[in-house]
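S.K.:
Here it is as structure tokens:
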């Protein structure tokens with residue numbers, strides 16, 4: 001490991017003011033074991049091409065400026081050891097901006113969409129503040145703990161630009177904004193929790209568009225696990241009665257209905273229950289395909305005909321649901 | 330080596346819309362001399378949706394499932410990435426939070442059970458590779474897959490979050506996973522290298538965000554097709570349902586033809602080990618796949 005390694009780094013190059021299309025350029029250099037990705041970015045600029053552009057500031061993993069992607073992996077350049085990445089990616093490194101379609105110059109992107117989403121969730125404590133308080137507004141340890149680690153976010157955008165749902169649906173708030181929504185909603189000094197839960201429960205915008213890929217948890221350089229906060233927001237919407245009956249909420253709640261009846265999820269029934277009978281027209285074609293292949297049967301999902309397998313000791317599951325469930329739709 | 334014994338958590342899908350997953354899993358286990366006890370008491374893992382509704386209830390039900398593997402003194406194996414994730418998340422939460430474990434056990438005591446944390450939870454893919462061994466599988470191949478370019482599709486919930494899985498997936502790196510590739514190699518197939526092998530299939534938002542779901546599946550299917558794949562293989566039946574059942578819908582959204590047979594991981598192994606067509610169960614696929622079996 002102590003040996004230097006001669007490598008070629010392939011870097012994304014683009015200048016939105018002068019270039020019609022982006023291109024990649026190779027840079028050869030010897031990498032030593034303690035060098036960070038940021039060191040390599042610096043060396044491209046200092047030893048090869050002074051016009052190579054990227055953001056950098058604190059060099060301590062706290063400003064979030066130097067976030068890029070290496071071989072598709074979101075990294076903070078100032079935290080990531082280059083040799084470890086060379087081992088992981090078989091000695092071939094590709095440096096790219098977090099979002100190629102938002103590239104302005106090389107590694108630098110326009111993060112407007114990130115900040116817009118962030119602003120949408122009112123990312124601050126909303127409270128009537130007494131300008132001349134007699135005492136400090138103290139937080140207990142328990143109140144602080146309820147925020148979990150959501151407060152550690154440095155707004156680097158690593159999770160946001162790793163999220164595939166956001167890539168397809170530009171209206172989705174995405175993991176960073178949802179993490180911020182959670183952080184301020186659980187803050188006991190804040191008065192805007194209900195509004196945030198209303199916003200984050202909207203179909204197409206809020207938590208129900210999360211595809212559950214865990215890319216955000218993997219991408220976060222501060223190890224925050226945004227999808228954990230998204231699950232908490234889901235639960236809070238039910239707990240606080242904000243969740244409205246729609247295809248997504250019925251789908252989540254419908255699992256209890258199925259499990260109570262069979263122990264298993266009833267795959268056909270959950271679709272009927274979530275969509276309602278009128279909504280089933282969308283699934284007729286799929287149902288016919290699945291029936292032809294023997295995946296489902298004509299009786300499936302038809303009320304009063306129960307051809308579902310059942311687990312052994314179903315009574316245990318029914319009892320556990322009765323004594324453990326706290327939420328309702 | 331003494332005989333490998335596991336408690337199998339089938340999950341719901343293998344008992345309903347993908348019966349071929351269960352039959353091929355059992356056939357592979359028999360060929361390899363692995364002893365399987367099906368956990369007939371196990372309920373649904375919640376599939377991450379019950380977790381959205383009531384996280385605590387999901388922990389209680391998953392802990393109950395694990396109790397039955399503990400009673401047998403066996404590792405619980407899964408054949409679905411999402412079952413793996415949700416069971417492992419409960420195990421991790423309970424093993425690292427004594428207060429939560431006590432709260433869950435208080436409920437389980439009502440039905441005479443106690444979660445102890447003594448059983449490991451591992452996906453069948455990784456038991457085959459880490460515990461049975463690729464060399465030994467290679468020795469048993471009777472139908473080499475050398476005529477096939479096979480695109481491995483890993484599925485999110487076996488590889489992310491890596492911190493949770495690293496104890497059970499041999500440190501698979503989610504940005505450059507290799508297990509399925511090496512399994513394909515051992516069966517003498519040709520692994521297809523493509524960018525979307527470790528990406529999301531879109532299954533979980535099929536109902537409420539249909540367009541997102543079709544695009545994510547389409548990105549992966551087309552990437553595999555453009556890299557000359559003859560078929561795709563996945564260890565997750567939910568990925569399978571998305572990728573196999575919806576190819577014509579995906580084609581409409583992507584504006585291109587999409588036709589690619591998708592196999593469950595155990596089906597691919599069963600094929601190479603010479604299991605019967607009935608055990609492999611390609612007839613249960615929507616996208617027909619019979620032509621991948623050599624004449």
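Chains as they are written, first to last, in our numbering: chain A, 1 to 329; chain B, 330 to 624. Ideal placement from N, C-alpha and C gives every residue a C-beta, glycine not left out.
1) Three-state secondary structure (DSSP) at residue 172 of chain A?
2) Determine whether the Cβ of residue 409 of chain B lies closer than 8 Å to any Cβ atom of chain A.
3) According to DSSP, is residue 5 of chain A helix, strand or coil?
4) Could you tell me if residue 204 of chain A is buried or exposed, where buried requires 16 or more neighbouring beta carbons within 10 angstroms of its beta carbon?
5) Run through chain B and tell me which residues come within less than 7 Å of residue 203 of chain A, C-beta to C-beta.
6) Less than 8 Å between the C-beta atoms of residue 616 of chain B and residue 573 of chain B, yes or no?
7) Taking 8 Å as the CB-CB cut-off, is residue 381 of chain B touching chain A?
8) For residue 607 of chain B and residue 600 of chain B, what's the separation of their Cα atoms in angstroms?
9) Hey, quick one: how far does the alpha helix (DSSP H) through residue 513 of chain B stretch, first residue to last?
10) Output yes or no for whether 8 Å exceeds the beta carbon distance between residue 173 of chain A and residue 121 of chain A.
11) Starting from residue 334 of chain A, follow its DSSP beta bridges and name the residues at the other end.
12) In the DSSP assignment, what are the bridge partners of residue 588 of chain B?
13) What is the rounded straight-line gap between the Cα of residue 156 of chain A and the Cα of residue 58 of chain A?
14) Starting from the beta carbon of residue 373 of chain B, find every residue of chain A whose beta carbon is closer than 8 Å, and list them in chain order.
15) With H, G and I counted as helix, E and B as strand and the rest as coil, what does DSSP make of residue 520 of chain B?
16) Here's the rule I'm using: 16 or more other beta-carbon atoms within 10 Å means buried, otherwise exposed. How should residue 353 of chain B be labelled?
17) Could you tell me if residue 335 of chain B is buried or exposed, where buried requires 16 or more neighbouring beta carbons within 10 angstroms of its beta carbon?
18) Relative to the alpha-carbon of residue 328 of chain A, which residue among A:241, A:184, A:308 has its alpha-carbon at the smallest distance?
19) Run through the DSSP bridge pairs and tell me what residue 337 of chain B is partnered with.
20) From residue 381 of chain B to residue 9 of chain A, what distance separates their C-alpha atoms?
21) Which residues in chain A sit within 7 Å of residue 377 of chain B, going by Cβ to Cβ distance?
22) Pull out every residue of the segment 476–496 of chain B whose Cβ sits closer than 7 Å to any Cβ of chain A, in chain order.
23) Output, in chain order, the set of chain B residues within a Cβ distance shorter than 8 Å of residue 168 of chain A.
24) Measuring only between beta-carbons, confirm whether residue 7 of chain A sits less than 8 Å from chain B.
25) Using a Cβ-Cβ cutoff of 9 Å, what residues of the segment 142–175 of chain A are near chain B? List them in chain order.
26) Can you give the beta carbon distance from residue 80 of chain A to residue 489 of chain B, rounded, assuming they're within the 8 Å contact cut?
27) Do you know how far the Cα of residue 43 of chain A is from the Cα of residue 35 of chain A?
M.R.: Put simply:
1) Position 172 of the first chain, counting from 1, holds the residue named residue 172 of chain A. Residue 172 of chain A falls in the coil class under three-state DSSP.
2) In the second chain, the residue the question calls residue 409 of chain B occupies position 80. Not one chain A Cβ lies under 8 Å of residue 409 of chain B.
3) Residue numbering aside, residue 5 of chain A sits at position 5 when the first chain is read from its first letter. In the structure shown, residue 5 of chain A sits in a strand (DSSP, three-state: E or B).
4) By 1-based counting over the first chain, the position of residue 204 of chain A is 204. Label assigned to residue 204 of chain A: exposed.
5) Position 203 of the first chain, counting from 1, holds the residue named residue 203 of chain A. The contacting residues are 537.
6) Position 287 of the second chain, counted from the first residue, corresponds to residue 616 of chain B. Position 244 of the second chain, counted from the first residue, corresponds to residue 573 of chain B. The criterion of a C-beta distance shorter than 8 Å is satisfied by residue 616 of chain B and residue 573 of chain B.
7) Locating residue 381 of chain B in the second chain gives position 52, where the first residue counts as 1. With 8 Å as the cut-off, residue 381 of chain B counts as an interface residue toward chain A.
8) Translated into the one-based positions of the second chain, residue 607 of chain B becomes position 278. Translated into the one-based positions of the second chain, residue 600 of chain B becomes position 271. Roughly 11 Å between the two C-alpha positions.
9) Counted from its first residue, the second chain places residue 513 of chain B at position 184. 508–515 is the extent of the alpha helix (DSSP H) around residue 513 of chain B.
10) Mapped onto the first chain, residue 173 of chain A falls at position 173. Mapped onto the first chain, residue 121 of chain A falls at position 121. For residue 173 of chain A and residue 121 of chain A, yes; Cβs fall inside 8 Å.
11) An answer regarding residue 334 of chain A cannot be provided, because it is not within the stretch 1 to 329 covered by chain A.
12) Locating residue 588 of chain B in the second chain gives position 259, where the first residue counts as 1. None, per the DSSP bridge assignment.
13) Counted from its first residue, the first chain places residue 156 of chain A at position 156. Counted from its first residue, the first chain places residue 58 of chain A at position 58. When rounded, the distance between both Cα atoms is 12 Å.
14) Walking along the second chain from the start, residue 373 of chain B turns up at place 44. The contacting residues are 255, 258, 259, 263, 264, 265.
15) Locating residue 520 of chain B in the second chain gives position 191, counting from the first residue. Strand, per DSSP.
16) Stepping through the second chain from its first residue, residue 353 of chain B is reached at position 24. Its Cβ being crowded by 16 or more others within 10 Å, residue 353 of chain B is buried.
17) Counting from 1 along the second chain, the entry for residue 335 of chain B is found at position 6. Residue 335 of chain B should be labelled buried.
18) For the purposes of this step, residue 328 of chain A is taken as the residue at position 328 of the first chain. Out of A:241, A:184, A:308, A:241 has the C-alpha closest to the C-alpha of residue 328 of chain A.
19) Position 8 of the second chain holds residue 337 of chain B. Answer is B:367, B:406, bridged to residue 337 of chain B.
20) Locating residue 381 of chain B in the second chain gives position 52, where the first residue counts as 1. Locating residue 9 of chain A in the first chain gives position 9, where the first residue counts as 1. Rounded to the nearest angstrom, the two C-alpha atoms are 42 Å apart.
21) Within the second chain, numbered from 1, the residue matching residue 377 of chain B stands at position 48. By Cβ distance, chain A contributes 212.
22) 485, 489, 490, 491
23) As a working mapping, residue 168 of chain A is identified with position 168 in the first chain. Within 8 Å Cβ-Cβ: 540, 541, 544, 545.
24) Taking the first residue of the first chain as 1, we reach residue 7 of chain A at position 7. Not closer than 8 Å to any Cβ of chain B, the Cβ of residue 7 of chain A fails to qualify, so no.
25) 164, 165, 167, 168, 169, 172
26) Numbered from 1 along the first chain, position 80 holds the residue referred to as residue 80 of chain A. Numbered from 1 along the second chain, position 160 holds the residue referred to as residue 489 of chain B. No, residue 80 of chain A and residue 489 of chain B are not in contact; Cβ-Cβ is about 18 Å, not under 8 Å.
27) For the purposes of this step, residue 35 of chain A is identified with residue 35 of the first chain, where counting begins at 1. For the purposes of this step, residue 43 of chain A is identified with residue 43 of the first chain, where counting begins at 1. Distance between the alpha carbons of residue 35 of chain A and residue 43 of chain A is about 11 Å.
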